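So the sequence shown is numbered by this note's numbering: it starts at 9 and just counts up by one.
Below: one structure, written as structure tokens.
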Amino acid sequence: MIPINKKIILGVTGSISAYKTAELIRLLRKEQFFVQVVMTKAAKEFISPLTLQALSGNPVLENIWDTKEGNGMEHINLSRTAQLILIAPASANFIAKLTHGIADDLLSNLCLARKCPLLIAPAMNIEMWENPATQRNIVTLKQDGVVFIGPEHGEQACGEIGFGRLVNLDTITLEALKFSTNQSFKGIKILISLGATVENIDPARAITNMSSGKMGVSLAKAAYILGADVTIVAGKTTEPIPDGIHTVHAQNHIEMFAAINKNIDNQDIYISAAAISDYLPFVNNKKIKKTETTISVTLKKSEDILKAVASKGNIFTVGFAAESEDLIENAKEKILSKNIDLIIANLIHESMNQSMAKVTMINKNFEILDLPKSEKKEVAFKIMEQIHKTYSKEVLNEHNS
Ligand SMILES: Cc1cc2nc3c(=O)[nH]c(=O)nc-3n(C[C@H](O)[C@H](O)[C@H](O)COP(=O)(O)O)c2cc1C
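This is how it looks when you write it as structure tokens:
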């Protein structure tokens with residue numbers, strides 16, 4: 009499911025943020041992309057081709073008149089064999105050239121002669137970005153099917169603050185993965201709750217749990233890459249959430265329930281990967297004083313959010329079971345008591361708060377699938393594959409009955 013050996017043409021143009029391309033190449037290669045860098049003449053003023061060549065592992069191309077490479081038709085050959093052209097950073101000048109179909113160097117020729125998608129990550133000074141000429145060009149290119157990533161708002165190299173900064177590199181990498189992966193979840197809406205809840209005992213203290221949110225974020229990324237329309241409801245997590253995924257933050261059980269209720273309508277699938285407190289403390293309005301030798305905290309059972317969503321009956325529901333023992337029995341019991349479609353069961357000592365996970369998936373018919381222990385990122389794609397199979401089967405059954 010994860011794209012392997014996808015070929016990407018990474019265009020680099022004359023922007024001050026061209027130095028960031030070095031790190032972007034590293035991230036793309038980590039995701040198994042074959043990266044062919046093509047620079048404009050101006051880009052070489054900002055970063056050395058040698059650096060990008062060393063990082064990409066391929067000769068950097070710039071000169072359209074160079075006959076040494078291939079059959080001398082590199083201005084069209086390269087983009088024919090690529091799955092994607094990504095321009096990062098894209099200068100105002102290059103965007104203007106693209107808009108008018110100008111092809112006066114290798115990179116602009118490749119863009120004009122392409123059949124694959126074109127992603128543009130602009131980077132420029134705020135005045136250049138807001139200039140009506142640039143804005144007109146962007147509208148035209150979007151109408152032509154070109155996809156823009158950013159720019160983002162923030163402090164710029166010139167010291168000004170505003171739109172024009174190159175969007176963060178993880179977001180660019182995520183989009184590149186999306187545009188080079190089979191969109192099996194296209195048109196499917198998925199809500200994923202993730203992370204831990206934090207329940208106050210008093211204004212300074214709280215009860216929480218060991219969930220890092222890593223599995224949930226990995227699932228959200230996998231779903232997004234596979235084309236789903238993803239909404240995240242995030243509790244406490246140590247894992248960065250990509251900017252491109254719509255996210256609502258929730259601190260505790262009450263906020264998480266409210267956020268899920270608000271966003272659940274029209275969703276096709278709900279994945280409950282959050283570790284939500286099963287028991288809630290009664291909150292003291294003032295800080296508890298350190299006077300007694302022992303104190304006790306009374307907890308009351310909280311409402312089961314997953315069960316409440318499943319009871320609506322029109323959403324495919326996926327739950328997690330993190331157990332210390334009797335994994336399969338406990339997971340099966342959860343399927344029945346919550347009336348959910350699929351459960352992902354894992355032993356706490358094998359998965360929680362770790363970068364790897366070993367999970368077992370069980371469906372409503374109690375069919376069991378063991379996934380091998382691997383990085384959560386890989387496990388997430390395998391889980392999404394199974395969700396897709398089971399969900400498609402159920403939707404087809406509904407249509408046929
Ligand atoms: C120091 C410096 C920084 C620049 N930074 C940017 C930038 O961030 N974005 C941009 O669109 N142009 C920037 N420019 C202007 C472009 O480099 C210039 O328009 C160039 O012709 C772009 O060529 P290209 O589109 O072929 O790469 C900068 C120029 C200089 C001298």
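Even for Gly, the Cβ is constructed at its ideal location relative to N, Cα and C.
Source: prediction; values computed, not measured.
Express the C-alpha separation of N373 and I84 in angstroms, rounding to a whole number.
53 Å
So, does the stretch 22–40 touch the stretch 61–73, judging by three or more C-beta pairs under 8 Å?
yes
So, do the stretch 168–176 and the stretch 185–201 have three or more beta carbon pairs nearer to each other than 8 Å?
no
Using DSSP with H/G/I as helix, E/B as strand and the rest coil, what is D178?
helix
With distances taken Cα to Cα, identify the nearest neighbour of H261 among Y278, H254 and I284.
I284
Whose C-alpha, out of I343, Y232 and A266, is nearest the C-alpha of A388?
Y232
To the nearest angstrom, how far is it from the Cα of E160 to the Cα of T255?
17 Å
Does at least one heavy atom of ligand 1 sit under 7 Å from the Cβ of S25?
yes
Between S99 and ligand 3, is there a pair consisting of the residue's CB and a ligand heavy atom that are separated by less than 7 Å?
Ligands present in the displayed structure are limited to ligand 1, and ligand 3 is not among them.
Specify the secondary structure class of Q394 as computed by DSSP and reduced to three states.
helix
Burial state of T239, where buried means 16 or more other Cβ atoms lie within 10 Å
buried
Kindly list the residues whose CB is nearer than 6 Å to the CB of R213, restricted to its own chain and excluding five residues on each side of it in sequence; keep chain order.
none
Residue ranges of each alpha helix (DSSP H) run of no fewer than 4 residues wholly in the stretch 309–372, ordered along the chain?
313–318, 335–346 and 356–359
Per DSSP, which one or two residues make a beta bridge with S280?
S201 and G327
Please go through the same chain and pick out, in chain order, the residues whose beta-carbon is closer than 6 Å to the beta-carbon of I198, but skip the five residues on each side of it.
A231, A236, V238 and I277
Helix, strand or coil at V155 [DSSP, three-state]
strand
Inter-residue Cα distance where the pair is F193 and E53
42 Å
By alpha-carbon positions, which one of D74, L377 and F41 ends up nearest to D113?
D74
Applying the 10 Å Cβ sphere with the 16-neighbour rule, what's the burial state of Q44?
buried
Can you tell me whether DSSP reads F193 as helix, strand or coil?
coil
State the Cα-Cα distance for the pair T205 and L288, rounded to the nearest angstrom.
10 Å
Suppose you measure from the CA of F324 to the CA of E393; what does that come to, to the nearest Å?
15 Å
Measuring only the C-alpha atoms, how far is K229 from K385?
9 Å
I believe A376 touches I351 by the beta-carbon criterion, under 8 Å. Please report the beta-carbon distance rounded to the nearest angstrom.
The sequence as given places Ile at residue 376; Ala does not occur at that position. About 10 Å separates the two Cβ atoms, so there is no contact after all.
Within 10 angstroms of the Cβ of S99, are there 16 or more other Cβ atoms? Answer buried if so, exposed if not.
buried
Run through the stretch 243–297 for me and flag every whole beta strand (DSSP E) of 3 or more residues, listed as ranges in chain order.
254–257, 277–280 and 287–289
Under 8 Å Cβ to Cβ from V175, same chain only, skipping five residues before and after it: list those, please.
A129, I157, G158, P159, E160 and D251
Paired residues, beta bridge with V387 - DSSP
DSSP output for V387 lists no bridge partner at all.
Could you check the C-alpha separation between H257 and T179 for me, to the nearest Å?
19 Å
Between the alpha carbons of S23 and Q164, how many angstroms are there, rounded?
12 Å
Thinking just about the alpha-carbon of each residue, which of G327, K342, A51 and Q40 is nearest to the one in I20?
In the sequence on display, residue 20 carries Val and not Ile. The shortest C-alpha separation from V20 is found at A51.
Under the three-state reduction of DSSP, which class applies to E168: helix, strand or coil?
coil
Who are the Cβ neighbours of G203 in its own chain at under 7 Å, not counting the five residues just before and after it?
S219, G221, G224, A242, G243, K244, T245 and A282
Just to confirm the assignment, what range does the alpha helix (DSSP H) spanning M218 have?
From DSSP, M218 is part of no alpha helix (DSSP H); its letter is neither H nor E.
Would I279 and L227 be called neighbours here (beta carbons separated by less than 8 Å)?
yes
So for R213, helix, strand or coil by DSSP?
coil
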